[in-house]
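S.K.:
In our numbering, the protein residues as written are 2 to 337.
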């Protein structure tokens with residue numbers, strides 16, 4: 002097969018560490034690299050290679066979905082799938098007995114390498130201002146679709162798992178891959194892979210600190226508060242805030258000169274209308290066992306609101322922005 006006829010083959014050399022190398026490429030270049038491959042191979046490949054190309058195209062959507070959940074990034078997922086295609090091109094079709102299984106293994110290992118590299122260089126928090134939501138913000142259409150399909154809270158919680166935990170959980174719970182196939186991907190036994198997925202599942206689900214009925218009531222109030230903040234209507238906010246409500250915030254969450262403490266429904270409601278421009282990036286989740294709010298543009302955690310509820314209203318909330326405090330919070334996904 003003439004590899005130069007394939008998309009992205011001009012960069013078809015071996016990657017260091019086995020990880021995809023395309024992260025950070027311009028969007029136009031990335032889309033060009035992942036155009037339909039089957040349209041470009043008819044004249045240069047054998048029948049077996051042509052069949053593999055067509056079958057790859059049939060698998061592309063599933064592989065992209067796997068990579069998106071593992072990596073939490075549409076761009077990196079596209080690159081991982083493209084790398085899997087390049088590896089398929091370099092492999093003798095006779096050596097592949099089960100193409101869907103082979104591709105799942107290859108994409109998963111690429112993602113695992115990327116996750117491990119990401120963990121090794123765990124990025125330092127930046128001083129970049131949180132988008133206020135009044136403009137386009139950091140969520141282009143494709144990232145917004147990823148958030149919608151996977152869930153903003155789940156993306157945040159998945160990002161807190163270790164690389165092997167995340168891969169095991171996504172493959173088993175998300176795509177029903179059996180542990181006897183997951184184990185070799187991770188370099189673990191099937192029993193060890195099952196333990197990793199179980200540990201990840203517990204972290205994703207968390208443990209509520211409230212009995213079911215109070216938990217449901219607390220959640221309803223927090224959801225109403227988030228909806229009112231998104232709407233920015235003062236009357237709606239006053240309806241959900243207790244008269245003596247208190248808002249506290251880390252200085253990093255506030256603009257210069259703003260008081261870290263606000264007291265009383267009207268003062269807090271006015272403050273919340275300012276915050277509300279960011280509420281478009283919000284999702285309700287378990288925060289230390291109780292419903293709270295995660296502010297996560299494109300699935301990346303920036304703020305957490307710990308919300309206290311009493312008598313069916315918000316009695317107070319705290320905006321946590323300090324990176325060390327954010328890292329110490331126990332976050333989990335609320336059941337549907």
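Built from N, CA and C at the ideal position, the CB exists for glycine as well.
Specify, as a first and last residue, the run of the beta strand (DSSP E) that residue 249 falls within.
M.R.: Taking the chain shown and counting its residues from 1, the one referred to as residue 249 is at position 248. From DSSP, the beta strand (DSSP E) with residue 249 extends over 242-250.
S.K.: Is residue 111 near residue 81, with beta carbons less than 7 Å apart?
M.R.: Reading the chain shown from its first residue, position 110 is the one you call residue 111. Reading the chain shown from its first residue, position 80 is the one you call residue 81. The answer is yes: Cβ separation under 7 Å.
S.K.: Would you call the CB atoms of residue 100 and residue 51 closer than 7 Å?
M.R.: Working through the chain shown from its first residue, we reach residue 100 at position 99. Working through the chain shown from its first residue, we reach residue 51 at position 50. Contact flag unset, no.
S.K.: Compare the C-alpha of residue 232 against each of 243, 271 and 217 and name the closest.
M.R.: Counted from its first residue, the chain shown places residue 232 at position 231. Looking at the Cα atoms, 271 is the closest of the given residues.
S.K.: Could you check where the beta strand (DSSP E) with residue 296 kicks off and where it finishes?
M.R.: Position 295 of the chain shown, counted from the first residue, corresponds to residue 296. 291-296 is the span of the beta strand (DSSP E), which, as asked, contains residue 296.
S.K.: Rounding to the nearest angstrom, what Cα-Cα distance links residue 177 and residue 167 in this structure?
M.R.: Position 176 of the chain shown holds residue 177. Position 166 of the chain shown holds residue 167. Each residue's alpha carbon lies about 14 Å from the other.
S.K.: Given residue 334, which residues of its chain have a CB within under 8 Å of its CB, disregarding the five upstream and five downstream residues?
M.R.: Counting from 1 along the chain shown, the entry for residue 334 is found at position 333. So the qualifying residues of the chain are 152, 154, 155, 158, 205, 206, 207, 286 and 287.
S.K.: On the three-pair Cβ rule with 8 Å, is the stretch 89-99 touching the stretch 190-201?
M.R.: Judged by Cβ distances under 8 Å, the stretch 89-99 makes no contact with the stretch 190-201, as fewer than three pairs qualify.
S.K.: Which of the three DSSP states is assigned to residue 305 in this structure?
M.R.: The residue you call residue 305 lines up with position 304 of the chain shown. Residue 305 falls in the strand class under three-state DSSP.
S.K.: Let me make sure I understand the geometry here. Which of 230, 209, 314 and 307 has the alpha-carbon closest to that of residue 279?
M.R.: As a working mapping, residue 279 is identified with position 278 in the chain shown. Considering only alpha carbons, the answer is 230.
S.K.: Quick one: give me the first and last residue of the beta strand (DSSP E) that residue 115 is part of.
M.R.: Working through the chain shown from its first residue, we reach residue 115 at position 114. From DSSP, residue 115 is part of no beta strand (DSSP E) but of the alpha helix (DSSP H) over 100-121.
S.K.: Using only alpha-carbon positions, find the residue among 106, 73, 74 and 70 that is nearest to residue 1.
M.R.: Given that the chain is displayed from residue 2 to residue 337, the structure contains no residue 1 and the question cannot be resolved.
S.K.: Pull up the distance between the alpha-carbon of residue 213 and that of residue 223, whole angstroms please.
M.R.: The residue given as residue 213 occupies position 212 in the chain shown. The residue given as residue 223 occupies position 222 in the chain shown. Straight-line Cα distance between these residues: approximately 15 Å.
S.K.: Would you call residue 1 buried or exposed, if buried means 16 or more other Cβ atoms sit within 10 Å of its Cβ?
M.R.: With the chain covering only 2 through 337, there is no way to say anything about residue 1.
S.K.: Taking residue 262 as part of the beta strand (DSSP E), name the residues at either end of that continuous run.
M.R.: Against the chain shown, residue 262 aligns to sequence position 261. Counting along the chain, the beta strand (DSSP E) containing residue 262 begins and ends at 262-264.
S.K.: For the beta strand (DSSP E) that residue 314 lies in, which residues bound it at each end?
M.R.: Position 313 of the chain shown, counted from the start, is the residue given in the question as residue 314. Run containing residue 314: 314-321, per the beta strand (DSSP E) assignment.
S.K.: If we ignore side chains and look at the alpha-carbon of each, how far apart do residue 84 and residue 108 end up?
M.R.: Numbered from 1 along the chain shown, position 83 holds the residue referred to as residue 84. Numbered from 1 along the chain shown, position 107 holds the residue referred to as residue 108. When rounded, the distance between both Cα atoms is 8 Å.
S.K.: Could you check how far apart the C-beta atoms of residue 291 and residue 211 are, in whole angstroms? I think they sit under 8 Å.
M.R.: The sequence position of residue 291 within the chain shown is 290, counting from 1. The sequence position of residue 211 within the chain shown is 210, counting from 1. Between residue 211 and residue 291 the Cβ distance is about 6 Å, and since that is below 8 Å, they are a contact.
S.K.: So, for residue 72: in the same chain, excluding its five sequence neighbours on each side, which residues have a beta-carbon less than 8 Å away from its beta-carbon?
M.R.: The residue given as residue 72 occupies position 71 in the chain shown. Closer than 8 Å at Cβ, skipping near neighbours: 78, 81, 112, 115 and 116.
S.K.: Buried or exposed: residue 256, going by 16 or more other Cβ atoms within 10 Å of its Cβ?
M.R.: One-based indexing of the chain shown puts residue 256 at position 255. Residue 256 is exposed by the Cβ-count criterion.
S.K.: To which residues of the same chain is residue 181 closer than 7 Å at the C-beta, ignoring the five residues directly before and after it?
M.R.: The residue given as residue 181 occupies position 180 in the chain shown. For residue 181, where only same-chain residues beyond five positions count, the Cβ hits under 7 Å are 191.
S.K.: Return yes when the Cβ of residue 227 is within less than 7 Å of the Cβ of residue 184, no when it is not.
M.R.: Within the chain shown, the letter at position 183 stands for residue 184. Within the chain shown, the letter at position 226 stands for residue 227. In this structure, residue 227 does not lie closer than 7 Å to residue 184 by Cβ.
S.K.: Going by C-alpha to C-alpha distance, which of 331, 59, 300 and 330 sits closest to residue 145?
M.R.: Residue 145 sits at position 144 when you count from the first residue of the chain shown. Answer by Cα proximity: 300.
S.K.: Starting from residue 217, trace the alpha helix (DSSP H) in both directions and tell me its first and last residue.
M.R.: Taking the first residue of the chain shown as 1, we reach residue 217 at position 216. Residue 217 -> alpha helix (DSSP H) spans 213-232.
S.K.: Bridge partners for residue 285 per DSSP, in chain order?
M.R.: Mapped onto the chain shown, residue 285 falls at position 284. Partner(s): 294.
S.K.: Please report the residue range of the alpha helix (DSSP H) in which residue 187 lies.
M.R.: In the chain shown, residue 187 corresponds to position 186, counting from 1. Unbroken alpha helix (DSSP H) run through residue 187: 180-187.
S.K.: With H, G and I counted as helix, E and B as strand and the rest as coil, what does DSSP make of residue 255?
M.R.: Counting from one through the chain shown, the residue named residue 255 turns up at place 254. Of the three classes helix, strand and coil, the one that applies to residue 255 here is coil, per DSSP.
S.K.: Secondary structure at residue 310, three-state DSSP: helix, strand or coil?
M.R.: If you number the chain shown from 1, residue 310 lands on position 309. The answer is strand: DSSP assigns residue 310 an E or B state.
S.K.: Just to check my reading of the structure: residue 120 and residue 164 have Cβ atoms closer than 8 Å, yes? What is that Cβ distance to the nearest angstrom?
M.R.: If you number the chain shown from 1, residue 120 lands on position 119. If you number the chain shown from 1, residue 164 lands on position 163. That pair is a contact at about 6 Å.
S.K.: For a test of the three-state rule: what should DSSP assign to residue 332, helix, strand or coil?
M.R.: Along the chain shown, one-based indexing puts residue 332 at 331. Three-state DSSP puts residue 332 in a strand.
S.K.: With distance defined between alpha-carbon atoms, name the residue in 219, 240 and 305 nearest to residue 250.
M.R.: On the chain shown, position 249 is the one that residue 250 refers to. Residue 250 has its Cα closest to that of 305, out of 219, 240 and 305.
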